[in-house]
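Okay, structure first, notes after.
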Amino acid sequence: MSVKIIELNDRAVHVGDETGVILQSPGFALADGSSIVLGEAAERQARLQPTNSYNKFWHELSLDPISHGNNFRHFADIAYAHLMHLAEEAEIGGDVIFAVPGNFTRQQLAILLGLVNHPPFKAGGVVNSSVAGAALAAPPSDIIYIDLQLHQAVVTRLNTQGDHLQAGTTIQVPGVGSQNFMDLMMQMATGMFIQQCRFNPQHNADSEQQLYNELPGWLAEAEDGNLILELRAGETLHTAKMPRESLINSLGGHFNKINEQLAPMLTERDTQILISPAMAALPGFSASLPQQSQLIVLDQHAVSRSALEHQELIIAGDEGIKLVESLPVAKSKPANSSQTPQTVSPTHVLFKHRAVPIKDLQIANQAEVNGHAGSANTLLLSIAGLPEDLGRIYQSGGEVRFQSLADVSRVNGKSVTGETSLSIGDQIKFGSSAEAMTLIKVSDG
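Mapping of the sequence shown onto the working numbering: position 181 corresponds to residue 199, and the numbering continues sequentially without gaps.
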C-alpha cells in the first residue's frame with residue numbers, strides 16, 4: 019500500500035495520500051457504556067450528551083487518569099480509538115507519516131509513537147506540520163504560520179536557513195480555537211432568534227445541537243451581507259437574519275488575541291503570513307491581519323503533498339524515528355520569470371470566507387439582494403446608499419489592478435480614485451462597511 023499521511027489537528031484530523039486529503043475526522047468521541055462513536059458523528063451529538071462527550075483527548079494527550087472515563091483510563095485510550103477509526107475508514111495498512119503541530123510536546127510524541135507501534139500502523143516518520151505545509155507553499159523567506167485547533171490557535175515562526183525552512187518559536191493562543199468561535203457565534207445567533215422570533219434555541223439540548231450543526235452551513239452560504247438562520251422546532255420553522263458586519267465585529271476580540279501574539283513576531287519587512295484554510299474561513303479574520311504583510315492561504319492538501327514529496331527525508335532509517343523540523347524550501351522561479359518570490363502577484367480575492375480567483379471580477383452593490391448571490395465573476399455587497407457599480411479587480415500586464423468606480427473606495431484605509439495596482443495583503447473597503455476584500459495568494463502545495 020502507498021504511504022499515508024496523518025495530520026494531527028483536533029479541529030479535523032486529516033488522512034492523505036498521493037491524491038490529497040482522503041478523510042477528515044474531528045477530534046470528538048462519544049462514549050456510552052461499551053459503545054463509542056468517533057469523529058463527525060460524535061461531534062454532531064456532543065451537546066445532546068455532554069457528560070459522555072470528549073474533545074480534549076488530542077489537545078491534552080496524556081496517560082493521566084480521567085474521572086468518568088466510560089471504560090477509558092486516560093486520554094491516550096480515546097486517542098487510540100480515534101486512530102483505529104481512522105485506520106478503518108481510510109484503509110490504512112502500511113507506512114504512515116505523522117504531521118504534528120509545533121505545540122506537540124516530547125511526551126505527547128512518545129505516547130503517539132507508543133500507540134501506533136503495532137498493526138495496522140507502521141509509523142514511518144514524524145514531521146512538523148507547519149514546516150511541511152510551508153515548504154512547498156511559500157517563497158523562500160521568513161514565514162509566520164497561523165493554524166486553528168479545537169481549543170486554541172497556534173502561531174509558528176518558520177526561519178529560512180540557507181535552502182531549508184526551520185521551525186522556530188511556537189506560541190499557543192488559548193481560548194480562540196474553533197470551539198470558542200463556534201460558542202461565540204452560537205451566542206450571537208441565539209440573540210438573533212430571541213430578538214426576531216422570540217425563540218431560544220439553547221433552551222434545550224436538541225435545538226442547541228441543531229444550532230451547532232447548522233451554523234457552518236449558514237456561514238458557507240452567506241453571500242448578501244446577512245446570514246439567513248433557519249431552525250425547526252416541532253411544526254414551526256424559525257427564521258432570523260444575522261448581519262454579517264455584526265458577526266465580524268463580534269469576533270474581533272478573538273482576532274485581537276491572535277494578532278497581539280503575532281505582532282512581536284513580525285520583525286522582518288518581507289515576512290510572509292501563511293494561514294490555514296480554517297483560519298481563512300473565519301469571517302473577517304484575514305482583514306484583521308497587518309496590512310503590510312504578504313498573505314498566503316495554505317491549500318488543504320499541502321501538508322500531505324509536501325510530506326509525500328519529502329518522504330525520503332522524513333521516513334526513519336536505522337537510527338529510529340525522530341521529529342523532522344527542517345525541510346528544503348520550494349525552488350524559486352527561473353531568473354527570466356516575470357515574477358520573483360518578492361513580487362509574486364495575488365491569485366485570489368478573499369471575500370466572505372471564499373477565495374475567488376482573479377480574472378475580471380466586477381464589484382457590485384445591491385442594497386436589497388433578496389437572496390441573489392451574483393455570478394462567479396461578481397463580488398456582491400449590500401451597502402445602503404452606495405452606487406450599484408463599485409469597481410473591478412482584474413489582471414493586466416502581469417499585475418493585479420483595482421479600478422474604482424465609486425468615491426468611497428479605500429485601499430488599506432486610504433481613499434483611492436481611478437486605477438491602482440494591488441499586492442498580496444492589500445484590503446479594499448467601501449464607505450464605512452467592515453466588509454473587506456483581501457488580496458491573497460492561494461498555494462496548491
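Note that beta-carbon positions come from the ideal geometry of N, C-alpha and C, so glycine has one too. Computed from a predicted model, the values in this text were never measured in an experiment.
Residue span of the beta strand (DSSP E) that contains residue i, given as start and end
i      : result
Leu202 : That residue, Leu202, is in no beta strand (DSSP E); its alpha helix (DSSP H) goes Ser196 to Cys215.
Asp165 : Ile161 to Leu166
Ser264 : Ser264 -> not in any beta strand (DSSP E); alpha helix (DSSP H) instead, spanning Arg262 to Leu280.
Glu437 : Gly436 to Leu440
Arg29  : Element bounds for Arg29: n/a, residue is neither H nor E.
Gly143 : Lys140 to Asn146
Ile129 : Premise fails: Ile129 lies in the alpha helix (DSSP H), Arg124 to Leu133, not in any beta strand (DSSP E).
Ser427 : Ser427 to Val429
Val39  : Gly38 to Ser43
Gly186 : His182 to Pro192
Leu249 : Asn244 to Ala251
Asn121 : No beta strand (DSSP E) contains Asn121, which DSSP labels as neither H nor E.
Gln445 : Gln445 to Phe448
Nonlocal neighbours in the same chain, by C-beta distance under 7 angstroms from residue i, ignoring five residues either side
i      : result
Tyr98  : Leu133
Val266 : A small correction: the amino acid at residue 266 is Ile; Val does not occupy that position in the sequence shown. Correct list, in chain order: Pro301, Gly302 and Ala452.
Leu166 : Arg29, Gly195, Ser196, Ser294, Ala296 and Met297
Leu81  : His92, Ala94 and Ile129
Met206 : Met260, Leu265 and Ser268
Val149 : Leu176, Leu183, Ala185, Glu343, Ser344 and Leu345
Glu58  : Ser43 and Pro44
Pro83  : Arg91 and His92
Ile339 : Leu131, Ala141, Gly143 and Val144
Endpoints, alpha helix (DSSP H) assigned at residue i
i      : result
Met511 : A question about residue 511 goes unanswered here, because the residues of the chain that appear run from 19 up to 463.
Ala47  : No alpha helix (DSSP H) contains Ala47, which is instead part of the beta strand (DSSP E) from Ala47 to Asp50.
Leu284 : No alpha helix (DSSP H) contains Leu284, which DSSP labels as neither H nor E.
Gln413 : First-last for Gln413: Asp407 to Ser414, but that is the beta strand (DSSP E), not the alpha helix (DSSP H).
Leu237 : Ala223 to Glu239
Per-residue burial, residue i [other beta carbons within 10 Å of its own, 16 or more giving buried]
i      : result
Ala402 : exposed
Gln120 : What sits at residue 120 in the sequence shown is Gly, not Gln. With 16 or more other Cβ atoms within 10 Å, it is buried.
Thr208 : buried
Arg216 : exposed
Lys377 : exposed
Glu61  : buried
Pro44  : buried
Ser433 : exposed
Leu331 : exposed
Asp201 : exposed
Thr187 : exposed
Ala299 : buried
Ser53  : exposed
Gly409 : buried
His221 : exposed
His272 : buried
His86  : exposed
Gly142 : buried
Asn27  : buried
Leu336 : It should be noted that the sequence gives Asp, not Leu, for residue 336. It is exposed - the Cβ of Asp336 has fewer than 16 other Cβ atoms within 10 Å.
Thr69  : exposed
Asp181 : exposed
Asp317 : buried
Gly151 : buried
Residue i beta carbon near the ligand ADP (any heavy atom closer than 6 angstroms)
i      : result
Ala281 : This structure simply doesn't include the ligand ADP, nor any ligand for that matter.
Cβ-based neighbour list, residue i, same chain, cut-off 6 angstroms, excluding 5 preceding and 5 following
i      : result
His390 : Unreliable placement is indicated for His390, whose pLDDT of 41 sits below 50; the coordinate value is still reported in the next sentence. Nothing listed; no residue qualifies.
His100 : Leu56
Phe116 : Ile24 and Val144
Leu313 : Ile291, Ile442, Gly443 and Ile458
Gln184 : Asn177 and Ser344
Gln279 : Val173, Ile189 and Val191
Close-in-space but distant-in-sequence residues of the same chain around residue i (CB under 8 angstroms, 5 per side omitted)
i      : result
Gln228 : Pro219, Leu249 and Arg250
Leu66  : Ala223, Asp224 and Gln227
Pro364 : Ile376, Val418, Leu440, Ser441, Ile442, Asp444, Leu457, Ile458 and Lys459
Glu406 : Ala382, Asn383 and Gln384
Phe211 : Phe217, Asn218, Pro219, Leu247, Leu249, His256 and Ala258
Ala281 : Pro308
Glu78  : Phe93
Leu154 : Ala320, Arg323, Ser324, Glu327, Ala348, Ser461 and Gly463
Asp288 : Ser159, Asp160, Gln312 and Gln360
Ala373 : Ala298, Val315, His366, Val367, Ile458 and Val460
Leu379 : Val367, Asn395, Thr396, Leu397, Arg410, Ile411 and Tyr412
Given 8 angstroms as the limit, is there contact between the region 189 to 201 and the region 311 to 328, that is, 3 or more CB pairs closer than that?
Verdict: no, contact absent.
Where in the region 300 to 385 do unbroken runs of the alpha helix (DSSP H), each at least 4 residues long, occur, reported from the N-terminal end onward?
As far as the region 300 to 385 is concerned, its whole alpha helix (DSSP H) runs of at least 4 residues are 303 to 306, 320 to 327 and 329 to 332.
For a minimum of 4 consecutive residues, which ranges assigned as the alpha helix (DSSP H) are wholly contained in the region 53 to 98?
Correct list: 58 to 61.
Count the C-beta pairs between the region 415 to 424 and the region 336 to 348 that are closer than 8 angstroms, then say yes if the count reaches three, no if not.
Result no; under three Cβ-Cβ pairs closer than 8 angstroms.
For the 8 angstroms Cβ check, are there 3 or more pairs between the region 304 to 322 and the region 30 to 42?
Contact annotation: the region 304 to 322 touches the region 30 to 42, with at least three C-beta pairs closer than 8 angstroms.
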